[in-house]
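Colleague: Taken in order, these protein sequences are the chains called B and C. So for the first sequence, the UniProt record's numbering puts the first residue at 1; every next one is plus one. So for the second sequence, the UniProt record's numbering puts the first residue at 1; every next one is plus one.
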Amino acid sequence: MNQQELQALRTLIAAHKRKDFLFGILGIFALMIGVLTFLSLFANMAIEGLGRIDADFLTSFPSRRAANAGILSAWVGSTLVMLVTAFAAVPIGVASGIYLEEYAPKNWMTDIIEINISNLAGVPSIIYGLLALGLFVYTFGLGQSILSAGLTLALLILPVVIVATREAIRSIPQIIREGAYACGATTWQVVRDHIVPYSSAGILTGIIIGMARAIGETAPIITIGALTFIAFLPPAPFAGDPPAGMFDWLFAPFTVMPIQMFNWTSRPEAAFATNAAAAGFILVLMTLAMNGLAIWLRYRLRKNINW
Amino acid sequence: MSSIPLTADNLDSMSSPSDRLKVDHFRHLKERVIESIMFLAAFVSVVTTLGIVYILVSESTVFFRQVPLSDFLFDRQWTPLFDDAHYGIMVLLSGTITSSVVALLVAIPLGTIIAIYLSEFAPFVVREVAKPFLELLGGVPTIIYGYFALVFLTPLLQKIYPDLPGFNLLSAGIVMGIMIIPYVASLSEDAMKAVPMALREGSYAMGATRLQTSLRVVMPAATSGIASAYILGISRAVGETMILAVAAGMQPNLTFNPTEPGATITSYIVQVALGDLPHGSIGYQTIFAAGLTLMLMTLAFNLLGYYMRKKFREAY
Numbered sequence: 001m002n003q004q005e006l007q008a009l010r011t012l013i014a015a016h017k018r019k020d021f022l023f024g025i026l027g028i029f030a031l032m033i034g035v036l037t038f039l040s041l042f043a044n045m046a047i048e049g050l051g052r053i054d055a056d057f058l059t060s061f062p063s064r065r066a067a068n069a070g071i072l073s074a075w076v077g078s079t080l081v082m083l084v085t086a087f088a089a090v091p092i093g094v095a096s097g098i099y100l101e102e103y104a105p106k107n108w109m110t111d112i113i114e115i116n117i118s119n120l121a122g123v124p125s126i127i128y129g130l131l132a133l134g135l136f137v138y139t140f141g142l143g144q145s146i147l148s149a150g151l152t153l154a155l156l157i158l159p160v161v162i163v164a165t166r167e168a169i170r171s172i173p174q175i176i177r178e179g180a181y182a183c184g185a186t187t188w189q190v191v192r193d194h195i196v197p198y199s200s201a202g203i204l205t206g207i208i209i210g211m212a213r214a215i216g217e218t219a220p221i222i223t224i225g226a227l228t229f230i231a232f233l234p235p236a237p238f239a240g241d242p243p244a245g246m247f248d249w250l251f252a253p254f255t256v257m258p259i260q261m262f263n264w265t266s267r268p269e270a271a272f273a274t275n276a277a278a279a280g281f282i283l284v285l286m287t288l289a290m291n292g293l294a295i296w297l298r299y300r301l302r303k304n305i306n307w
Numbered sequence: 001m002s003s004i005p006l007t008a009d010n011l012d013s014m015s016s017p018s019d020r021l022k023v024d025h026f027r028h029l030k031e032r033v034i035e036s037i038m039f040l041a042a043f044v045s046v047v048t049t050l051g052i053v054y055i056l057v058s059e060s061t062v063f064f065r066q067v068p069l070s071d072f073l074f075d076r077q078w079t080p081l082f083d084d085a086h087y088g089i090m091v092l093l094s095g096t097i098t099s100s101v102v103a104l105l106v107a108i109p110l111g112t113i114i115a116i117y118l119s120e121f122a123p124f125v126v127r128e129v130a131k132p133f134l135e136l137l138g139g140v141p142t143i144i145y146g147y148f149a150l151v152f153l154t155p156l157l158q159k160i161y162p163d164l165p166g167f168n169l170l171s172a173g174i175v176m177g178i179m180i181i182p183y184v185a186s187l188s189e190d191a192m193k194a195v196p197m198a199l200r201e202g203s204y205a206m207g208a209t210r211l212q213t214s215l216r217v218v219m220p221a222a223t224s225g226i227a228s229a230y231i232l233g234i235s236r237a238v239g240e241t242m243i244l245a246v247a248a249g250m251q252p253n254l255t256f257n258p259t260e261p262g263a264t265i266t267s268y269i270v271q272v273a274l275g276d277l278p279h280g281s282i283g284y285q286t287i288f289a290a291g292l293t294l295m296l297m298t299l300a301f302n303l304l305g306y307y308m309r310k311k312f313r314e315a316y
């Protein structure tokens, strides 16, 4: 190989290495766009809204005057709706996951359920709002209530909970089941004493991620026609005269954090934009805390489990 | 044991070694009941789908009895709440398509680059930090992104294009794209990570660089996964609601120009829901017809994704 060819080869290699290096920089740059957007979003809300957040903001009802307005009815509403969502989505989601992993026979019915769940995960959230409007609000007559909203969000996060449950269960080695069955355990005993305890951290992660998604969902709740101006609290849960009065809160009108924020965002006055930023900041903090908790749990889990 | 008198009463128990091994019919019954309950829980998702289809189709049928399908598809105006009512879904579709195209122009290149970088280039530490971060980015409520597009990005873009109106599809689309990046990136990355190491090693052994290996070996091998990541991105963009409702204005506008305001199928539904339309009126039914259109679009993308996964699946 003469000197010239060698030189050409070296140039070629150098050019390719340079491209490699440039792509590395491009990759970091692309990641940075995501990071910077996130930081500027967070900083923007903090700068605009942090000054507005005080005890009064948390304990006041919405008002026509921006300076007096607060998010009391919004965060109480969000909490109550989340309560209903958790009560509906957790048992149904976990049971579905367990059924599909531990009980389901291999037949067309199981195939339908599985395909259906992956399809539901891709259905836009506003479609769930239309379902709830037609079914819960008008057909079942539940009205524009906390119950309707909670059930809607429960259906929305059901695929998340089911998929997380299934993944957690699938990571349990087969020998655990075989050992239990060899001792004469029934399927239910295996599930209750082994499958659920060992997968509980993974399931919990899925539930938290689902709830974090539900708390920020706006579109389906607007679609069922939740009011945006609520200057009263729903009755306290389980406080009324039993048995009927205890569930009054389920049928109360309500507003939630994202709707309150949307309401303030859509007003032209600057003072309301500040309120929107403040409410948004609290909302972001809540979802970040929940997602962060889930990520941390998963990290712990990955580190600690040795079968 | 022999002290037990042999009578007709306890002959039965004598013949079996232990009571505990007796067949317990109740035990089986309990198992059956529990299994049925579990099955019912799993069946809730099927009922949900049936419910969605039933509600959308039944309300839309009432709608299409009053508005011919040809008007719905070909009319160039969307004014369902005016006296001179027109129901041209094309107007809303144009907003949906324009904003989705902008979003995908942002999300697909950036998401793919991030996926390649994280899967093939990034050091371990960067990946361990970046993946949870992307997940956090994907967990931010969309109303927050909408607010961000309206009060941060639009004024920023107005410095470059002074003519840009306060509500526009462009800034909503860009922010929507950033929102979709985590979905595209993490699914594509998973697909690339699943490509066996031996393929990369073969490529490196031939003297290929990382970039050549990523683009010519790993990406083709991961096509089915990457394609379904893109399709998920598309259906997210088409179904996204709040960013558009906040930042794109909600006025129906037959345009493919992203610098104009516009309504999408989703933001129209929000707009109607915010108002006070009586149950059963034609205006009320339009949102179900619009919802059915949206549902059919996402269903088509889902089927396409399913087909792509099958067609390009590489088994190792």
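Glycine included, each C-beta is placed from N, C-alpha and C at the ideal position.
Could you tell me the alpha carbon to alpha carbon distance between B/Asn291 and B/Ala212, rounded to whole angstroms?
Modeller: Whole-angstrom Cα-Cα distance: 7 Å.
Colleague: Return the residues of the region 98 to 113 of chain B that lie within a Cβ-Cβ distance of less than 7 Å from chain C, sorted by chain order.
Modeller: So the list reads Ile98, Tyr99, Leu100, Tyr103, Ile112, Ile113, given in the order they occur along the chain.
Colleague: Residues of chain B with a CB under 7 Å from the CB of C/Arg210: which are they?
Modeller: Those within 7 Å of C/Arg210 in chain B are Asp20.
Colleague: I'd like to know if the region 130 to 150 of chain C and the region 237 to 252 of chain C are in contact, where contact means that at least 3 CB-CB pairs between them fall below 8 Å.
Modeller: Yes, the region 130 to 150 of chain C is in contact with the region 237 to 252 of chain C.
Colleague: For a contact meaning CB atoms closer than 8 Å, what does B/Asn275 contact in chain C?
Modeller: The premise fails here: B/Asn275 is roughly 11 Å from chain C at the closest Cβ pair, so nothing lies under 8 Å.
Colleague: Please list the partners that C/Arg27 has in chain B, where partner means a Cβ-to-Cβ separation under 7 Å.
Modeller: What C/Arg27 touches in chain B: Thr186.
Colleague: So is residue 308 of chain B in contact with chain C if we call contact Cβ pairs under 8 Å?
Modeller: Residue 308 of chain B is absent from the structure shown; chain B starts at 1 and stops at 307.
Colleague: Could you give the residue range of the alpha helix (DSSP H) that holds B/Asp56?
Modeller: Looking at the DSSP string, the run of the alpha helix (DSSP H) that includes B/Asp56 is 55 to 59.
Colleague: Where do the N-terminal and C-terminal ends of the alpha helix (DSSP H) with B/Glu167 fall, by residue?
Modeller: Per DSSP, B/Glu167 belongs to the alpha helix (DSSP H) from 146 to 170.
Colleague: Cα separation between B/Ile175 and B/Ser199?
Modeller: Taking the straight line from one Cα to the other gives about 15 Å.
Colleague: On a CA-only basis, which of C/Gly207, C/Thr223, C/Leu277, C/Ser228 is nearest B/Ala14? Give me that one, please.
Modeller: The candidate whose alpha carbon is nearest that of B/Ala14 is C/Gly207.
Colleague: Please tell me whether C/Gly283 has its Cβ less than 8 Å away from any Cβ of chain B.
Modeller: So, not an interface residue.
Colleague: If we count the other Cβ atoms within 10 Å of its Cβ and call it buried at 16 or more, is C/Met192 buried or exposed?
Modeller: By the neighbour-count rule (16 or more Cβ atoms within 10 Å), C/Met192 is buried.
Colleague: What residue range does the alpha helix (DSSP H) around C/Leu254 cover?
Modeller: It is not in any alpha helix (DSSP H) - C/Leu254 carries neither H nor E in the DSSP assignment.
Colleague: Relative to the alpha-carbon of B/Leu158, which residue among B/Leu133, B/Gly97, B/Tyr138, B/Ser148 has its alpha-carbon at the smallest distance?
Modeller: Considering only alpha carbons, the answer is B/Gly97.
Colleague: Pop quiz: C/Gly262 and C/Leu169 are said to be a contact at Cβ under 8 Å. What is the actual Cβ separation, rounded to whole angstroms?
Modeller: Sure, about 5 Å apart at Cβ, within 8 Å.
Colleague: The alpha helix (DSSP H) with C/Pro155 in it runs from where to where?
Modeller: First-last of the alpha helix (DSSP H) with C/Pro155: 154 to 160.
Colleague: Could you tell me the distance, in whole angstroms, from the CA atom of C/Thr286 to the CA atom of B/Ile172?
Modeller: So the alpha carbons of these two residues sit roughly 49 Å apart.
Colleague: Is the Cβ-Cβ distance between C/Ala273 and C/Phe167 less than 8 Å?
Modeller: Taking 8 Å as the Cβ cut-off, C/Ala273 and C/Phe167 do not qualify as a contacting pair.
Colleague: Curious, which full-length alpha helix (DSSP H) runs of at least 4 residues does the region 117 to 145 of chain B contain?
Modeller: Within the region 117 to 145 of chain B, the complete alpha helix (DSSP H) runs of at least 4 residues are 125 to 132.
Colleague: In the DSSP assignment, find the alpha helix (DSSP H) that holds residue 308 of chain B and state where it starts and stops.
Modeller: No answer is possible for residue 308 of chain B: the residues shown for chain B start at 1 and end at 307.
Colleague: List, in order along the chain, the chain B residues whose C-beta lies closer than 7 Å to that of C/Ala48?
Modeller: Before going on, a small fix: residue 48 of chain C reads as Thr here, not Ala. Here the neighbours are Leu120, Leu155.
Colleague: Is C/Val57 close to chain B, meaning its C-beta is less than 8 Å from at least one C-beta of that chain?
Modeller: Taking Cβ atoms only, chain B never reaches closer than 8 Å to C/Val57, which makes this a no.
Colleague: Please confirm if C/Tyr87 has its CB atom under 8 Å from at least one CB of chain B.
Modeller: Chain B, which has no Cβ nearer than 8 Å to the Cβ of C/Tyr87, makes this no.
Colleague: How big is the Cα-Cα spacing for C/Val33 and B/Gly70?
Modeller: Whole-angstrom Cα-Cα distance: 49 Å.
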